[in-house]
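Counting from 265, one number per residue, gives the positions in the sequence shown under the numbering used here. To start, the structure itself, in structure tokens.
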Amino acid sequence: MYLLIRQFLLNVKVLTAILFLRFVLKLYKNMGETRDNDAYEEELLDYEEEEEKAPDSAAKVNGEGAKKGYVGIHSSGFRDFLLKPELLRAIVDSGFEHPSEVQHECIPQAILGMDVICQAKSGMGKTAVFVLSTLQQIEPVSGQVAALVLCHTRELAYQICHEFERFSTYLQDIKVAVFYGGVNIKIHKDLLKNECPHIVVGTPGRVLALSRDKDLSLKNVRHFILDECDKMLESLDMRRDVQEIFKMTPHDKQVMMFSATLSKEIRPVCKKFMQDPMEIYVDEAKLTLHGLVQHYIKLSETEKNRKLNDLLDALDFNQVVIFVKSVNRAAELNKLLVDCNFPSICIHSGMSQEERLTRYKGFKEGHKRILVATDLVGRGIDIERVNIVINYDMPDSADTYLHRVGRAGRFGTKGLAITFVSSASDSDILNQVQARFEVDIKELPEQIDTSTYTSDLILLKTVSSSSSAARTRMGNGGESVLKKILLSYTYVAIWIFLSFTVIVYNKYILDRKLYNWPFPISLTMIHMSFCASLAFSIIKVFKLVEPVSMSRELYLSSVVPIGALYSFSLWLSNSAYIYLSVSFIQMLKALMPVAVYSIGVFFKKESFKGDTMFNMLSISFGVAIAAYGEAKFDSWGVILQLGAVAFEATRLVLIQILLTSKGIQLNPITSLYYVAPCCLVFLFIPWIFVEYPILRDTSSFHLDFVIFGTNSFCAFALNLAVFLLVGKTSALTMNVAGVVKDWLLIAFSWSVIKDTVTPINLFGYGLAFLGVAYYNHSKLQTLKAKEAQKKAAEADEEEGKLLETREGEGVGEKRDQS
């Protein structure tokens, strides 16, 4: 028996090493691309509203009406601008070689201190103009703010600040800070008092409040910049704030203003802030985005959900932004997509500032592929991986349309914009767009060539962000479904294999009759040390994965408790292997749904239901019968395993409460990076008193690096396997897979390890299995009911609408139609 298990584990080592090596190579390649793309994407943060330029776009320079062709990338290099070596180094790190036409025209004048008004298409690199020119000119003086950048949204302020930080990487003396509402003003006041920045980025309201309170001194400002200036100057309230801030700055300064849309009416207002500015304007007819494929779909309001579902299944997208007209619609549509297992997230003004920025950062880093949003992210926000924009609701103007669709196809990459047209007013807006921008937007054909809206760069990023091959879609529905099913179950099989291997391996090491190393705390600490080291290397050394932005307070209040529970769960579950058989441990683990539900009710994350509680009791009854029939029942082992189940269930519930509810999402690498060190700390104390004295006095003890190394390797691979499962299969499928794994382990325990499995064992576990199956069946029925409700929307308004919560005219129109 010993030789059989050892041979099995040797085979497992080889197979696991092969699978894991392939996985890590692919991960490294994808993460490398992600890292490069993130740098490029972050650079594009600047180029947030910039787009490749149409060859025949016109520009007016210095008021002379000189025509400038927007060819996208200029033949000159950034070195021709005679920028600081530190800036050139940061530009090279970002992967840029040639400036865009707007940058070629503006930067040489801007670095000389000229005032600038620039209107150019989204994606043209306007943000880089004022970031690079400001960093080129600024000479930091301690305690003095030299540059002030104002913009109209918090997200855009955060993004611009990030761009300044990225391009000032090698300008160590320059400090940048961002100020916006929604954050306790005392934090900003303390920052200004303790470490005054040289460059301030912010929204007018917060900057004005800090200036009025004398916390922010603007008397030394030499560069005054407005991004999306039309949005701020068209609003009288915001214009008043900008004017008051402007009056607090010195008369002698450089003023720069930028926007993708700048009406002739607002241009004179801009000039009032300036002295003989350099002006670059693009003809309105040339404002639509070069390289962006634009289509519309005519449909009724009730057909939108089904059509959106079909599009998301059919189109090749890396990331997609779906625009809606109200906060309620954003929340409801996102809920619908999540219920249908789409990797969706939403951002709207109804959220707290912290949650909005956390979600924005998560989407930008590729944790989710679908963003449902209001016009809050329609301007300036740049996420370079986005190659499709869907106007679920028609925008209210041609300008808003331009800003929305500008989120796709950034800086010359291809993109696709699809607009739903469901009313006469929608058709009017569409006609205005076509007339104003002189573009012919055609109805979406049944089949569309993916090469018209994707590129090699985008497709590579699709692989890296989703960790899977892009789906085969339009025109190949049956084949696509088959491939998705096969791929999903391949991932499940890998997970079952690794989970199976780790459990058998742990049993082999800890069992006194096998390898006989009964030190569960030590084994857990070895696992955590190995995983923490690899996670640290991936994040900090090789920088393949970006860490999650997390304050010390958040870490201590949210991550540390979860780490403590995880350490105790692993300790107790590993300890149980010393006393119980693998088969009986798996039977006891059937209580996990009971524990999760009970703790969820306690923390009010689950609602108490009589039928669900009866279901939980049936599972418990089955496990009790299995325990009664256990031939080698050990009370201490049962207590340890039940304790492990309780700790693990509590951890799962607290993850929802402490992390998920705050918009914080950790992938397996970042989870190990943050949680594994906590586990080591919490395990070290009991290890010192319980196991260390025995290990110290055991002269025969030696650490087999092959055994423990491959064991830890398998544990880490099991965590990484989650990468393959995220978004690729449903929770229900994973539950079923878990049951299959348990039955396989029971069979393995009986046939190979020769553990005794009695008929009463199997009968009890069979009852518990039926309870778990019924629980999963109930969840499936709930999902089906929601799907049926969605489909019934067309036939029965009272029973079917998942997006019934609508605002104003939307509700009125639907009721009138019914």
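Backbone N, C-alpha and C fix where the C-beta goes; we use that ideal spot for every residue, glycine too.
Inset, instruction - Could you tell me the distance, in whole angstroms, from the CA atom of C534 to the CA atom of D379? - result: 11 Å
Inset, instruction - Would you give the residue range spanned by the beta strand (DSSP E) that H559 belongs to? - result: L556 to K562
Legend entry - Cβ pair C425, V440 closer than 8 Å: yes
Legend entry - Simplified DSSP state of G1002, which is helix, strand or coil: helix
Inset, instruction - Work out the CA separation of L834 and L947 for me, nearest whole Å. - result: 10 Å
Legend entry - Extent of the continuous alpha helix (DSSP H) to which M542 belongs: Careful: M542 lies outside any alpha helix (DSSP H), inside the beta strand (DSSP E) at M542 to I544.
Inset, instruction - Excluding the 5 residues preceding and the 5 following V824 in the sequence, name in chain order all residues of the same chain whose CB lies nearer than 6 Å to its CB. - result: C942
Inset, instruction - Pick out whichever of E427, Y434, R470 and H462 has its Cα sitting closest to the Cα of V447. - result: R470
Legend entry - Euclidean distance between Cα positions of A1001 and I1010: 14 Å
Inset, instruction - Within the same chain, show all residues whose beta-carbon is closer than 6 Å to that of V519, passing over the 5 residues directly before and after it, in chain order. - result: D379, F488, F537 and M538
Legend entry - The beta strand (DSSP E) enclosing L412, as first and last residue numbers: A411 to L414
Legend entry - N- and C-terminal bounds of the beta strand (DSSP E) containing T583: Before going on, a small fix: residue 583 reads as Gln here, not Thr. Note, Q583: beta strand (DSSP E), Q583 to F587.
Inset, instruction - With a floor of 4 residues, list each alpha helix (DSSP H) that falls wholly inside the stretch 430-467, ordered by position along the chain. - result: 449-458
Inset, instruction - Tell me where the beta strand (DSSP E) around M538 begins and ends. - result: Unbroken run through M538: none, as it is neither H nor E.
Inset, instruction - Inspect the beta-carbon positions of R633 and V653 and report whether they are closer than 8 Å. - result: no
Inset, instruction - Alpha carbon to alpha carbon, how far is A392 from S859? Give it in angstroms, no decimals. - result: Strictly speaking, residue 859 in this sequence is Ala, with Ser absent from that position. A859 and A392: Cα-Cα distance of roughly 54 Å.
Legend entry - Residue burial classification, N931 (beta-carbon count within 10 angstroms, cutoff 16): buried
Legend entry - Member of K853, A895, G1030 and Y656 whose CA lies at the smallest distance from the CA of T1022: A895
Legend entry - For I451 and W759, the rounded distance between their alpha carbons: 45 Å
Legend entry - Minimum C-alpha distance to L490 - residue among V413, Y1038, P857 and M512: V413
Legend entry - C-beta atoms of R593 and D657 nearer than 8 Å: yes
Inset, instruction - Take every Cβ of the stretch 837-848, pair it with every Cβ of the stretch 887-906, and state whether three or more of those distances are shorter than 8 Å. - result: yes
Legend entry - I863 beta carbon less than 8 Å from that of A1032: no
Inset, instruction - Report the partner residues of T683 according to the DSSP bridge assignment. - result: Y560 and N655
Legend entry - Three-state secondary structure assigned by DSSP to V902: helix
Legend entry - Endpoints, alpha helix (DSSP H) assigned at Q401: K390 to Q401
Inset, instruction - Tell me whether E529 sits in a helix, a strand or coil according to DSSP, three-state version. - result: coil
Legend entry - Close-in-space but distant-in-sequence residues of the same chain around V442 (CB under 7 Å, 5 per side omitted): A421, Y422, C425, V465 and G466
Inset, instruction - Please name the residue, chosen from L621, Q583 and T638, that lies closest to S590 on a Cα-to-Cα basis. - result: T638
Inset, instruction - On the DSSP bridge assignment, give the partners of I826 in chain order. - result: DSSP output for I826 lists no bridge partner at all.
Legend entry - Sub-8 Å separation of L563 and F684 beta-carbons: yes
Inset, instruction - Assuming L982 contacts A796 (C-beta within less than 8 Å), just tell me the rounded distance between them. - result: The pair is not a contact, with the Cβ atoms about 15 Å apart (cut-off 8 Å).
Legend entry - Residue from L844, V812, S821 and F761 with nearest C-alpha to R776: L844
Legend entry - Buried versus exposed, by CB contacts within 10 Å (16 or more), G680: Correcting the residue identity first, residue 680 is Leu in this sequence and not Gly. L680 is buried by the Cβ-count criterion.
Inset, instruction - Return the CA-CA distance between D1019 and L787, expressed in angstroms with no decimal places. - result: 23 Å
Legend entry - Where E707 falls: helix, strand or coil (DSSP): strand
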